[in-house]
Structure formats: C-alpha cells, structure tokens
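A.B. asks:
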Amino acid sequence: MDFKANKPIYLQIVDFCFQHILTEEWPENDRIPSVRELAMTLQVNPNTAMRAFEYMQSEEIIYSKRGMGYYVAENARGQISKLQKKEFFEEVLPETFRSMNLLDISIDDIVKQYEQFKKEVK
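Printed below as a string of structure tokens:
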C-alpha cells in the first residue's frame with residue numbers, strides 16, 4: 002500500500018484484489034483470504050480491509066458464505082473490467098487530456114504511439 006497516495010487505502014486494497022482476480026490467482030468461485038489475513042498481509046487495519054470487502058461485495062465482485070468466508074463471484078472479471086473502464090473514462094482520460102492540452106500533444110500523436118504500442122505487445 003502506498004500510504005502517501007491520493008487514492009484511499011481501501012481502494013488500493015480493492016485494486017490489489019482486482020489484480021489477483023484478473024490474473025486468476027483467485028479464480029471465480031474460489032475462497033479468497035479473510036479480512037484479517039489480507040489486513041495482515043498488506044499491513045493495514047482490519048476495518049480498512051473490511052471496507053474494501055464491503056465495496057467489492059456491493060459491486061458483486063465477491064460474495065460471502067456464512068461461516069466459510071468470501072469467494073470470488075461468477076463474472077467477477079467482467080464486473081472488474083466494467084468498473085475499471087468507467088474509472089478510466091471518468092478519471093484517467095480527462096487527466097490525460099489536460100496533460101495533452103498543456104503539452105500541445107495532438108490526438109494524431111497519441112494514435113501513432115498507441116499503434117506502436119500495440120505492435121510491440123503482439
């Protein structure tokens with residue numbers, strides 16, 4: 002966790018969990034670490050970890066089985082993708098556009114860079 006970051010700690014925990022789900026380290030319908038286990042691993046307060054779990058549960062990323070713990074929901078990867086796209090378009094892209102405007106970078110410059118990036122990734 003980056004305790005100096007502008008992003009709240011509970012959302013950093015959510016991002017940590019999202020990465021584990023997206024990489025399938027935590028597959029759908031599998032049990033995930035408990036609130037206490039995750040809090041100990043990340044060295045955060047269990048209440049903060051619980052807030053992250055509540056958020057993920059409200060977004061249908063995880064679900065609880067009484068007395069057994071938390072599990073990755075079916076289609077959690079799709080839900081995460083939807084949430085991250087929303088965050089990208091609402092937060093990341095506007096900041097990128099502000100930087101482009103300040104630095105006088107055209108959309109054509111961005112398209113060229115993106116096309117180069119896609120070639121390198123393949």
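Each residue of the sequence shown is one higher than the last, beginning at 2 in this note's numbering.
In this text, a Cβ means the ideal position worked out from N, Cα and C, and glycines have one as well.
Can you have a look at ILE108 and say buried or exposed, based on whether 16 or more other CB atoms are within 10 angstroms of its CB?
C.D. replies: exposed
A.B. asks: Which first and last residues belong to the alpha helix (DSSP H) in which LYS86 is found?
C.D. replies: 77-88
A.B. asks: Run through the DSSP bridge pairs and tell me what ARG52 is partnered with.
C.D. replies: ARG52 pairs with nothing; no bridge assigned.
A.B. asks: Nearest by alpha-carbon distance to TRP27: which of SER59, PHE118, GLU121 and GLU75 is it?
C.D. replies: GLU75
A.B. asks: In whole angstroms, give me the CA-to-CA distance for GLU25 and GLN117.
C.D. replies: 28 Å
A.B. asks: Can you confirm whether the stretch 48-67 touches the stretch 77-88 when touching is taken to mean that 3 or more C-beta pairs between the two stretches lie within less than 8 Å?
C.D. replies: yes
A.B. asks: Tell me which residues share the same chain as SER53 and place their Cβ nearer than 6 Å to its Cβ, disregarding the 5 neighbours each side in the sequence.
C.D. replies: For the record, residue 53 in the displayed sequence is Ala; it is not Ser. Here the set comprises TYR11, ILE14 and VAL15.
A.B. asks: Can you grab the Cα-Cα spacing for the pair GLY70 / THR49, in whole Å?
C.D. replies: 17 Å
A.B. asks: I'd like to confirm the pairing. Which residues does DSSP put opposite GLY70 in its beta bridges?
C.D. replies: LYS66
A.B. asks: In angstroms with no decimal places, state the Cα-to-Cα distance between VAL45 and MET51.
C.D. replies: Cα to Cα, VAL45 sits roughly 10 Å from MET51.
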